[in-house]
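Beneath this line is the structure, given in structure tokens, with notes to follow.
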Amino acid sequence: MNVRLILVLALAFVPACSSSDPRVLTDEGAKAWGSGKWEESAKSYEKALAELGSDTTNPEWKRAKIGLMQAHTRTDAAKARTEFVEFAKAHPTQLSEENVNTIASRLGDAGKFEDAGAVLKVGKEMFPNSQVLAGLGNELSRRAKESGDSGGASVLDGLGYTGGK
């Protein structure tokens, strides 16, 4: 086989392996998350956000932001909490009850109950009558107590979540 042909084929294949399409990158981030590849997930979401720049009206921007926070719940919980609070302040109309539920749940799954409480505090302020968030708060309070995380239980109890039904 001709060496030039091999090189041409190899060069043609390289761009296909490395997408700059934000939608493809967010899909890759979600797939990596689902496979438990937290760092890889975060990198894909970061690349998507870099491609999107400041275009906060693009639906992929929010998807990548929430995805990145979700990835950080496993790689850097404090960063996930900070990113979430900043997102809520800067883009309150883009934040949904489901977003709060997702990030607080993921932090709870990671055993980061104080960080989950900080996210739920924002959620409670924005969605004060949410039964979904109330149920999650009570569940996380119960889990924090069972795990012996008195700090996390205290934060959640301070928000009115006592681990009850």
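According to my numbering, the residues represented by the sequence shown are 8 to 172, in order. Virtual Cβ for every residue (Gly too), placed ideally from N, Cα, C.
| Check | Outcome |
| --- | --- |
| Measuring only the C-alpha atoms, how far is residue 58 from residue 170? | 42 angstroms |
| What are the uninterrupted segments assigned as alpha helix (DSSP H) that are 4 or more residues long and contained completely in the stretch 63-122, given in chain order? | 66-82, 84-97 and 104-116 |
| Okay, do the stretch 40-50 and the stretch 88-104 touch, 3+ Cβ pairs below 8 angstroms being the bar? | no |
| What does a CB cutoff of less than 7 angstroms around residue 115 pick up in its chain, not counting 5 residues either side in sequence? | 123, 147 and 150 |
| To the nearest whole angstrom, what separates the beta carbons of residue 101 and residue 69, a pair I think is in contact under 8 angstroms? | 6 angstroms |
| Assuming the contact rule is C-beta atoms closer than 8 angstroms, residue 163 and residue 120 should be a hit. Round their C-beta distance to whole Å, please. | 6 angstroms |
| Is residue 33 near residue 74, with beta carbons less than 8 angstroms apart? | yes |
| Quick one: Cα of residue 125 to Cα of residue 97, how far? | 16 angstroms |
| Can you tell me which of the three DSSP states residue 50 falls into? | helix |
| Grab me the residues of residue 55's own chain with a C-beta within less than 6 angstroms of its C-beta, minus the 5 sequence neighbours each way, in chain order. | 29, 32, 33 and 71 |
| Leaving aside the five residues before and after residue 40 along the sequence, list all residues of the same chain whose C-beta is less than 8 angstroms from its C-beta, in chain order. | 48, 74, 77 and 78 |
| Below 8 angstroms on the Cβ atoms is my contact criterion, and I expect residue 143 with residue 112 to pass it. Report the Cβ-Cβ distance as a whole number of Å. | 6 angstroms |
| Tell whether a beta-carbon distance below 8 angstroms holds between residue 118 and residue 154. | yes |
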